[in-house]
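**Student:** In my numbering, the protein residues as written are -17 to 838.
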RNA sequence: GCCCAAGUGGCGGAAUGGUAGACGCAGGGGAUUCAAAAUCCCCCGGUAGCAAUACCGUGCGAGUUCGAGUCUCGCCUUGGGCACCA
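1. In angstroms, rounded to a whole number, what distance separates the CA positions of residue 529 and residue 19?
2. In this structure, how does DSSP classify residue 265 when only helix, strand and coil are distinguished?
3. Contact between the region 457 to 467 and the region 490 to 501 is defined here as three or more beta-carbon pairs at a separation below 8 angstroms; is this criterion met?
4. In this structure, does DSSP put residue 434 in helix, strand or coil?
5. Whose C-beta lies closer than 7 angstroms to the C-beta of residue 835 among residues of the same chain, with five residues either side of it excluded?
6. Three or more C-beta pairs closer than 8 angstroms, one from the region 63 to 83 and one from the region 736 to 746: is that the case here?
7. Quick check on residue -17: buried or exposed, where buried means 16 or more other Cβ atoms within 10 Å of its Cβ?
8. By the DSSP assignment, the beta strand (DSSP E) with residue 307 in it spans what residues?
9. Only counting the same chain, and skipping five residues up and downstream in sequence, which positions put a Cβ closer than 7 angstroms to that of residue 519?
10. Between which two residues does the beta strand (DSSP E) carrying residue 470 extend?
11. Would you call the region 639 to 650 and the region 711 to 724 in contact, with 3 or more CB pairs under 8 angstroms?
12. Taking all protein chains shown into account, do 16 or more other C-beta atoms lie within 10 angstroms of the C-beta of residue 584, making it buried, or fewer, making it exposed?
13. Three or more C-beta pairs closer than 8 angstroms, one from the region 365 to 379 and one from the region 181 to 194: is that the case here?
14. At which residue ranges does the region 156 to 219 contain complete beta strand (DSSP E) runs of 3 or more residues, listed in the order of the chain?
15. Of all the options 149, 15, 161, 652, which has the alpha carbon lying nearest to the alpha carbon of residue 514?
16. What's the call for residue 465, buried or exposed, on a 16-neighbour Cβ count within 10 Å?
17. Kindly indicate which three-state DSSP category residue 634 falls into: helix, strand or coil?
18. Quick one, which of 71, 220, 233 has its alpha-carbon nearest residue 452's?
19. How far does the beta strand (DSSP E) with residue 606 in it extend, from its first residue to its last?
20. Shortest alpha-carbon distance to residue 409 belongs to which of 587, 620, 177?
21. For residue -14, count neighbouring C-beta atoms within 10 Å of its own C-beta (all shown protein chains included) and say buried if the count is 16 or more, exposed if not.
22. State the Cα-Cα distance for the pair residue 159 and residue 168, rounded to the nearest angstrom.
23. How far does the alpha helix (DSSP H) with residue 738 in it reach, from first residue to last?
24. Suppose you measure from the CA of residue 405 to the CA of residue 764; what does that come to, to the nearest Å?
25. Whose CA, out of 455, 685, 467, lies closest to the CA of residue 449?
26. The beta strand (DSSP E) spanning residue 792 covers which residue range?
27. Just mark residue 761 as buried or exposed, buried being the case when its beta carbon has 16 or more other beta carbons within 10 Å.
28. From what residue to what residue does the alpha helix (DSSP H) around residue 92 run?
29. Can you name, in chain order, every residue of its own chain whose Cβ lies under 8 angstroms from the Cβ of residue 325, other than the five neighbours on each side?
30. Give me the Cα-Cα distance between residue 694 and residue 776, rounded to the nearest whole angstrom.
31. Cβ atoms of residue 268 and residue 309: under 9 angstroms apart, would you say?
32. Cutting at 7 angstroms between CB atoms, please list the residues of its own chain near residue 599, excluding the five before and the five after it.
33. How about the region 93 to 110 and the region 120 to 129: do they share at least three Cβ pairs that are nearer than 8 angstroms?
34. Report the three-state DSSP secondary structure of residue 614 (helix, strand or coil).
35. According to DSSP, is residue -17 helix, strand or coil?
36. Taking the CB atoms as reference points, tell me whether residue 182 and residue 547 lie closer together than 9 angstroms.
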């Protein structure tokens, strides 16, 4: 009997699938379709275990759906634009294009041995001109529909490298290469009008029944709908052109607790003051230092500067308030101006304490507890509090009620109006970088901003400059400094003009690739007939880190594509079901050098807690996301060499629930391999002894009952992403099969079923068993086994008996015995009689088929 | 700082509000073997006990319930996201 040899088996069956062309997706009207998509990878150069996990999960779904009679679309492509390619070119020369396509070739070669059921004929990379040219065509359509516009926005500016920095290139407020203090600068940039869809993107979340609740919640919070009051404070002796400051507040009920007005350093009023006052200018410049992330702004020390200006309180003309420029107010939110209520906002409290401003309570706890405030009092809006300075409404009311009353009151007195606001900002898509999709517009001195003509698309990225490959070691945007690329005739008047040199955010590329996969080589962005058939994505799988941006942008794009005629109405929510999988983690092995700094070691360099080479003991740091810098990485390629793809697939599915992180361990991988070997051995024995004598009939019956239960549980597990539980069930069934005294026919049937249930997870292995057991055709084409309902229920069941909620015994009863009968048997148990001691039970609970509880 | 999630044996984890710890790993004992590898069998949350068994036990503290790992509230710890990383 031969042993399980993954290398032989896997190559053989991949070839067989290829030749049979079973993963090639073609439209078959009438057959139910199923579109399964995993988030496509960035071509970093090597696949990692996270990819193995992600694509294996998708493959399980795809193969299961194939077996249940669906026409499956399971494509793969590359999210190929982005900064790493440019960084690589800067660091070690070469060209982003060569780097990227080289990486794609390597990764494709590494991915294919995994045996994924992918239709490779649909593969594309977002950096293919064929793809980004269609993206440009769509951009022009979006422009025509008014879905795109230009405005000023703030970027991270490195004053030494003279370049715009990405957030990740800002470390502690300094540029990653130059180390210079980063400044915030304004540039004119392109925006998608995603905020026009705020309400729709929010309310449509309710219909996404097969999305994780937490993703929907995160998106809802991100969109951030709020109801509030917008009104103006009158300025007393303001500079020319300014007679008021428009503010937005979600807490108008606290207006009588206002003690200052704050404006952003980028507020028009601040800019006017700055022009005439060097101190203000210095303070504003200070506010503009540091990164642009929300986190950086929130964590920065809260600072303000008194402008000397005063505003009048709208409810009391005698009352005036100071106006501060403050570094924590964002021009992008609301109106770029706020009023501060120190008694009921911690940030305002800190600010008021620092600048010795009054702290005026508006409400106090309804418990009457009114000591002096040492911190802001911020109860939930749903809590009833006692208003001591109410604008409107009762003295005792909830914040919610008070807010509504305050809005009504102010509107009635002509002070501003109630408005619904969204936190969601428009999507800035301009990037001052080379390796992205060029924005297809032209700047003409006569005509202004003019869209490029569609027949001139794609606007391709230049490969050379002045006959030489582009030099990426020079700071700045290569498109901007290119001697000829930007020169072009104006599409409107024909005079010499200049191309836009900004490229698109890579999130644009990934916002519609799912639609392109339905017709990857169409000469328009999509082919409506194909999109109509294949959309929507039935199951989308990817990392939780994309919960907000990528998924929100994709939802916006689907809507915009419908408006521009590139997708059918039904694709408004493009992903019917979403699954977010966890990461693959590994322990970190660390020693220290002579100066006490950590030195990391690869897992293969360590054995038994010691370095193989020197015997030095390593410190083991608990599992963390695999990362090159910590060296806690396991290379899928070497795992496949060692054990085969099926072992790797089996392990990443078996060890943890898919939505959680899985820790890669050598012992676990070893165990997975041993298990496959064991199943192979068991199946071989069964195949060799097929004519064995018939066994006792109840042994056959018991095995087949167990088989049907396993079919039921595994099917349920696969459908609900309970892969680890499904695999546990398969382990248990393997144990049953190994010990079974059933006859050859029953065992063969059970073993074939086992192979089928394993097929989505370990497809090559399952094909081999199938052929060993003389199954018909390819297991990949075999219909999924169906559990016989009658075999799932046992005639006799065991009921636990509790006394006061604690298990004290059990009884065996027929499945459908009636309640009274069960009660009688339960009460006659020794333990129960002893506990009752002659008395009647206080209460007797019988949950049919589940439990008996006696309360004494 | 803000938003979100997760915490169960030595470890990964299982458990429609109904027998906590399925299944796997590690560990211990045994069989087989000249020996080893491989394989097979048994044990395996803690405390007490020869045992039957009893008590404790799902991050911590309260609560709802006949019954809570599961529901509610408050805390602690860890992880993810925060708009130019993908």
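A virtual CB, placed ideally from N, CA and C, is assigned to each residue, including glycine.
**Tutor:** Concretely, from the data shown:
1. For the purposes of this step, residue 529 is taken as the residue at position 547 of the first chain. For the purposes of this step, residue 19 is taken as the residue at position 37 of the first chain. Their Cα atoms are separated by approximately 16 angstroms.
2. Along the first chain, read from residue 1 onward, the residue named residue 265 stands at position 283. Residue state, collapsed to three classes: helix.
3. no
4. Position 452 of the first chain, counted from the start, is the residue given in the question as residue 434. Coil.
5. Translated into the one-based positions of the first chain, residue 835 becomes position 853. Around residue 835: 784, 787, 827.
6. no
7. What you label residue -17 is simply residue 1 of the first chain in a count that begins at 1. For residue -17, the pLDDT reaches just 48, beneath the cut-off of 50, and the residue's location in the model is therefore unreliable, although a value from the coordinates is still provided. When all chains shown are included, residue -17 counts as exposed.
8. The residue labelled residue 307 in the question sits at position 325 within the first chain. Unbroken beta strand (DSSP E) run through residue 307: 298 to 308.
9. Locating residue 519 in the first chain gives position 537, where the first residue counts as 1. Same-chain partners within the cutoff: 17, 19, 496, 556, 557, 558.
10. Taking the first residue of the first chain as 1, we reach residue 470 at position 488. Element bounds for residue 470: 469 to 471.
11. no
12. Translated into positions along the first chain, residue 584 becomes position 602. By the 10 Å Cβ count, residue 584 comes out exposed.
13. no
14. 165 to 174, 207 to 218
15. Mapped onto the first chain, residue 514 falls at position 532. The shortest C-alpha separation from residue 514 is found at 15.
16. Stepping through the first chain from its first residue, residue 465 is reached at position 483. Exposed, since its Cβ has fewer than 16 Cβ neighbours within 10 Å.
17. Working through the first chain from its first residue, we reach residue 634 at position 652. If DSSP states are grouped into helix, strand and coil, residue 634 belongs with the helices.
18. Residue numbering aside, residue 452 sits at position 470 when the first chain is read from its first letter. Among 71, 220, 233, the Cα nearest to that of residue 452 belongs to 71.
19. Position 624 of the first chain holds residue 606. Per DSSP, residue 606 belongs to the beta strand (DSSP E) from 601 to 607.
20. Start at 1 with the first residue of the first chain, and residue 409 comes out as number 427. Ranking 587, 620, 177 by Cα distance to residue 409 puts 177 first.
21. As a position in the first chain, residue -14 is number 4, starting the count at 1. Looking at its Cβ environment, which holds 16 or more other Cβ atoms inside 10 Å, residue -14 is buried.
22. Translated into the one-based positions of the first chain, residue 159 becomes position 177. Translated into the one-based positions of the first chain, residue 168 becomes position 186. Their Cα atoms are separated by approximately 21 angstroms.
23. As a working mapping, residue 738 is identified with position 756 in the first chain. Where residue 738 is concerned, the enclosing alpha helix (DSSP H) stretches over 726 to 740.
24. For this step, residue 405 is matched to residue 423 along the first chain. For this step, residue 764 is matched to residue 782 along the first chain. Distance between the alpha carbons of residue 405 and residue 764 is about 51 angstroms.
25. Counting from 1 along the first chain, the entry for residue 449 is found at position 467. Of 455, 685, 467, the residue nearest in Cα terms is 467.
26. The sequence position of residue 792 within the first chain is 810, counting from 1. Note, residue 792: beta strand (DSSP E), 788 to 796.
27. The sequence position of residue 761 within the first chain is 779, counting from 1. So residue 761 counts as buried.
28. The count along the first chain starts at 1 and reaches residue 92 at position 110. Its alpha helix (DSSP H) spans residues 78 to 93.
29. Against the first chain, residue 325 aligns to sequence position 343. Answer for residue 325: 236, 239, 331, 341, 342, 343, 344, 355, 358, 359, listed in chain order.
30. Along the first chain, one-based indexing puts residue 694 at 712. Along the first chain, one-based indexing puts residue 776 at 794. Those two C-alpha atoms are separated by around 14 angstroms.
31. As a first step, residue 309 is located in the first chain; it is residue number 327 there, counting from the start. As a first step, residue 268 is located in the first chain; it is residue number 286 there, counting from the start. Cβ atoms of residue 309 and residue 268: closer than 9 angstroms.
32. If you number the first chain from 1, residue 599 lands on position 617. Cβ neighbours of residue 599 beyond the five flanking positions: 591, 592.
33. no
34. Locating residue 614 in the first chain gives position 632, counting from the first residue. Coil at residue 614, not helix or strand.
35. By one-based count along the first chain, residue -17 stands at place 1. Because the pLDDT of residue -17 is 48, which lies under 50, any placement of that residue in the model is unreliable, and the question is left without a value.
36. Translated into positions along the first chain, residue 182 becomes position 200. Translated into positions along the first chain, residue 547 becomes position 565. No, the Cβ-Cβ distance between residue 182 and residue 547 is not below 9 angstroms.
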